[in-house]
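Worksheet for the structure shown next.
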Amino acid sequence: MSAPALLTLTQAAAAIRARTLSSVELVNALIARIETWQPKLNAFVRIDAEGALAAAAEADRALARGEARGALHGVPLAHKDMYYFAGKLAECGSKVRKGFIPDVTSTACERLASAGAIHLGALHMAEFAYGPTGHNAHLGPARNAFDRERITGGSSSGSGTAVAARLVPAALGSDTGGSIRLPAHFCGVTGLKPTNNRVSRAGAMPLSFTLDTVGPLARTAEDCGLILQLTGGPDPRDPTVDRAPAWDESAARRSPKDLTIGVPKSFYVDDLTPEVAATLDATIATLTAVGCKVVEVKLPDQVLLSAAALIVLAVEAASYHAPWLRTRAGDYGPQVRSRLENGLAYSGVEYLEALRWRAVALAEHLAAIGDVDVVLAPASRMAAPTIAETDVGGGPGAEAAIQAITRFMRPINYLGLPTLVIPAGTTPTGLPIGMQLIGRPFGDETLVALGRAFQAVTDHHERMPL
Amino acid sequence: MPDLITPARVAANAEGSRIVVAAETPVRVAAAALPTFSRYAAADIAVPFEVEPASFVVVQGREIGR
Chain A
1 MSAPALLTLT QAAAAIRART LSSVELVNAL IARIETWQPK LNAFVRIDAE
51 GALAAAAEAD RALARGEARG ALHGVPLAHK DMYYFAGKLA ECGSKVRKGF
101 IPDVTSTACE RLASAGAIHL GALHMAEFAY GPTGHNAHLG PARNAFDRER
151 ITGGSSSGSG TAVAARLVPA ALGSDTGGSI RLPAHFCGVT GLKPTNNRVS
201 RAGAMPLSFT LDTVGPLART AEDCGLILQL TGGPDPRDPT VDRAPAWDES
251 AARRSPKDLT IGVPKSFYVD DLTPEVAATL DATIATLTAV GCKVVEVKLP
301 DQVLLSAAAL IVLAVEAASY HAPWLRTRAG DYGPQVRSRL ENGLAYSGVE
351 YLEALRWRAV ALAEHLAAIG DVDVVLAPAS RMAAPTIAET DVGGGPGAEA
401 AIQAITRFMR PINYLGLPTL VIPAGTTPTG LPIGMQLIGR PFGDETLVAL
451 GRAFQAVTDH HERMPL
Chain B
467 MPDLITPARV AANAEGSRIV VAAETPVRVA AAALPTFSRY AAADIAVPFE
517 VEPASFVVVQ GREIGR
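Just so you know, the sequences run in chain order A and B. In this text, residue positions in the first sequence follow this note's numbering: the first is 1, and each later residue adds one. In this text, residue positions in the second sequence follow this note's numbering: the first is 467, and each later residue adds one.
Okay, structure coming up:
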């Protein structure tokens, strides 16, 4: 067996169930890796080694009695520090919420715990999940496990780098404007932004009630599918998921030969670095080789979708934070404060027009892709830039720099589409490159099926930092 | 679309929201928002009269079980 910390989520859960690995052994292996890597990566904001070991010992005892709790019995996870656990800190990468202890547990974490998962700690994040790079004015930057001078991407920065370094087999992130997909791309892990209104957001720190999604970063598409299966579905605490369909395992195992992949003619293929362009070509070749039909698609104007997403996000974020902007503005980091203030640019009419257009825009997108099951696109035009060159603070050039990084993200958030980022290549210096598999609404299982097929014939997802 | 974003408009929105901003903030915010917003405003998107924000859920829901 591989060293326990190197197992995927699915492998670790199976080994514990088969009792070829104990939960205590796995937790100890991860703690040992965390002790080595945490000073280099700044991935965790809190580590609950003692609590995790106690829970692991209890999980092992329960299993010895024949009492398995669920699919993740005894498997340790850690999550972005914005998921509430009743009675535990959830500081959201901020000074404003320093010392905040919620009295509820997030539905997603509650469901993972019900499946037997153990909580190992809380992970680094951009302040209030409002930043795409992994910088944080209060915590310092999280660092990319493949090159510590480079960004992790954000806002689920700790989730990306912790999974890449094998400090946890999987972690929850959140995605409002790319916050799962960018760290997955830059850190070389698999990340699933679910369809909006599929996973309950109850007990997760909000940023934009229209655009927020809760989803996993893990090593494989299979692992992401397992987390989505466990966390998704209706929840009385979040009425937006009332109509969320049950997980369809047969769809998650469908053959790639049944799938049509659309490759955009513009926008997502413009101005790519040579490495990203080559990775896109190689991914098309691989998908063709596994039996997919690949066609070109002409998508509606993505720049307009992106602009609408920015308006919705800016206004909703400013609305959430208005009370603190009135009373504690000095407690925000410069960049987050400046981005929150950007919400003051728009009128109520403009905000609601952007919100009303969303239904029309989704219908136009679906008409444009026709019978295409999945649209393939790069996650970014480039691999991870350095921490220094993206340290733009809150000054006049900050918004343009941020928009450059999130360019291929926002249209997807606006349309509420599910998207799986898969590691698909590397630069000559070894930096990961990810590709987006963009699905149809509630087509999350199809993405998992395609991701599985891709990862069955490639090994990009197995690369790990030295 | 109404008028494009100006520092005066940002300052008025801030005041109306009871959020105190630094003197230079309206200029910065207008400059940050204007490039994206100008393109969006120029498209002059006409949303059908009957469409409301929740219409999105209706369109999205048609895909369930596809």
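Heads up, the beta-carbon is just placed ideally off N, CA and C, and yes, glycines get one too.
For residue i: DSSP bridge partner residues
i	result
K478/A	Past the edges of chain A, shown from 1 to 466, lies residue 478/A, and the structure says nothing about it.
T419/A	K193/A, I438/A
I118/A	P76/A
A204/A	Y83/A
S425/A	The question names Ser, yet the displayed sequence has Gly at residue 425/A. Beta-bridge pairing links G425/A to I433/A.
R150/A	T386/A
G232/A	V199/A
N144/A	D147/A
Limits of the unbroken beta strand (DSSP E) element including residue i
i	result
T190/A	190-193
S174/A	170-174
K293/A	293-297
A363/A	Per DSSP, A363/A belongs to no beta strand (DSSP E); it is in the alpha helix (DSSP H), 348-369.
I261/A	260-264
V525/B	Unbroken run through V525/B is the alpha helix (DSSP H), 521-527; no beta strand (DSSP E).
R46/A	44-47
V214/A	214-218
Extent of the continuous alpha helix (DSSP H) to which residue i belongs
i	result
V276/A	274-289
G451/A	444-457
V375/A	Element bounds for V375/A: not the alpha helix (DSSP H) but the beta strand (DSSP E), 374-378.
V486/B	Here V486/B belongs to no alpha helix (DSSP H), and DSSP marks it neither H nor E.
A12/A	9-17
K40/A	23-41
L305/A	302-327
H185/A	181-187
F503/B	491-509
S157/A	157-164
I402/A	398-405
L167/A	It is not in any alpha helix (DSSP H) - L167/A carries neither H nor E in the DSSP assignment.
E341/A	334-342
Partners in chain A for residue i, counting only beta-carbon separations shorter than 7 Å
i	result
A489/B	Within chain A, no residue comes near A489/B; the closest Cβ sits about 13 Å away, beyond 7 Å.
A497/B	P396
7 Å Cβ cut-off: residues of chain B touching residue i
i	result
W357/A	I511, V513
A363/A	V525
S250/A	Result: empty, since nearest Cβ-Cβ is about 12 Å, beyond 7 Å.
E399/A	A498
A322/A	S483, I485
R303/A	A small fix is needed here, since residue 303/A is Val in this sequence, not Arg. Residues of chain B passing the Cβ test: R505.
G232/A	Per Cβ cutoff of 7 Å: no residues; G232/A is ~13 Å from chain B at best.
V168/A	Under the 7 Å cutoff, chain B gives no residues; its nearest Cβ is about 32 Å from V168/A.
V294/A	The contacting residues do not exist; V294/A stays about 20 Å from chain B at best.
Beta-carbon neighbours of residue i, restricted to chain A and to distances below 8 Å
i	result
A480/B	E341, L344
Proximal chain B residues relative to residue i, where beta-carbon distance stays under 8 Å
i	result
N197/A	V523, Q526
P245/A	I530, G531
G173/A	Chain B residues near G173/A: none, gap ~22 Å exceeds 8 Å.
G416/A	F522, Q526
Within chain B, the residues that residue i reaches when beta carbons sit closer than 9 Å
i	result
A308/A	Y506, I511
F442/A	Q526, G527, E529, I530, G531, R532
S338/A	T491, R494, V495, A498
Integer Cβ distance of residue i from residue j, believed to fall under 8 Å
i	j	result
L63/A	H73/A	7 Å
V297/A	V263/A	7 Å
V96/A	D331/A	5 Å
L228/A	L192/A	6 Å
P465/A	G393/A	That pair is no contact at about 28 Å.
G536/A	A244/A	An answer regarding residue 536/A cannot be provided, because it is not within the stretch 1 to 466 covered by chain A.
D223/A	L450/A	Not quite, the Cβ-Cβ distance comes to about 15 Å (not below 8 Å), so this is no contact.
A384/A	Y130/A	So it is not a contact: roughly 20 Å between Cβ atoms.
Residues that residue i contacts on chain C, provided the C-beta gap is smaller than 8 Å
i	result
R326/A	The structure shown has no chain C; the protein chains it does contain are A and B.
Any 3 or more C-beta pairs closer than 8 Å across the stretch 173-190 of chain A and the stretch 143-162 of chain A = yes
ask   = Would you call the stretch 342-352 of chain A and the stretch 129-137 of chain A touching, i.e. three or more CB-CB distances under 8 Å?
value = no
ask   = Contact between the stretch 202-221 of chain A and the stretch 424-435 of chain A: three or more CB pairs below 8 Å?
value = no
ask   = Counting pairs of beta carbons, one from the stretch 316-336 of chain A and one from the stretch 259-277 of chain A, are three or more of them closer than 8 Å?
value = no
message = Below 8 Å, how does it come out for the stretch 293-310 of chain A and the stretch 502-510 of chain B: are there three or more Cβ pairs, yes or no?
response = At 8 Å Cβ cutoff, the stretches touch.
query = Just checking, does the stretch 424-431 of chain A make contact with the stretch 446-466 of chain A on the three C-beta pairs under 8 Å criterion?
reply = yes
Contact between the stretch 23-43 of chain A and the stretch 167-182 of chain A (3+ Cβ pairs under 8 Å) = yes
Cβ contact check for the stretch 36-44 of chain A and the stretch 6-23 of chain A: 3 or more pairs under 8 Å = Result no; under three Cβ-Cβ pairs closer than 8 Å.
query = Using 8 Å as the threshold, is the stretch 192-203 of chain A in touch with the stretch 233-241 of chain A, meaning 3 or more CB pairs across them?
reply = Verdict: yes, contact present.
request  = Decide if the stretch 76-92 of chain A is in contact with the stretch 106-119 of chain A; the criterion is three or more beta carbon pairs, one per stretch, under 8 Å apart.
outcome  = yes
ask   = How do the stretch 85-101 of chain A and the stretch 351-371 of chain A stand: do at least 3 beta-carbon pairs fall below 8 Å, yes or no?
value = no
At least 3 beta-carbon pairs within less than 8 Å: the stretch 354-361 of chain A vs the stretch 509-527 of chain B = yes
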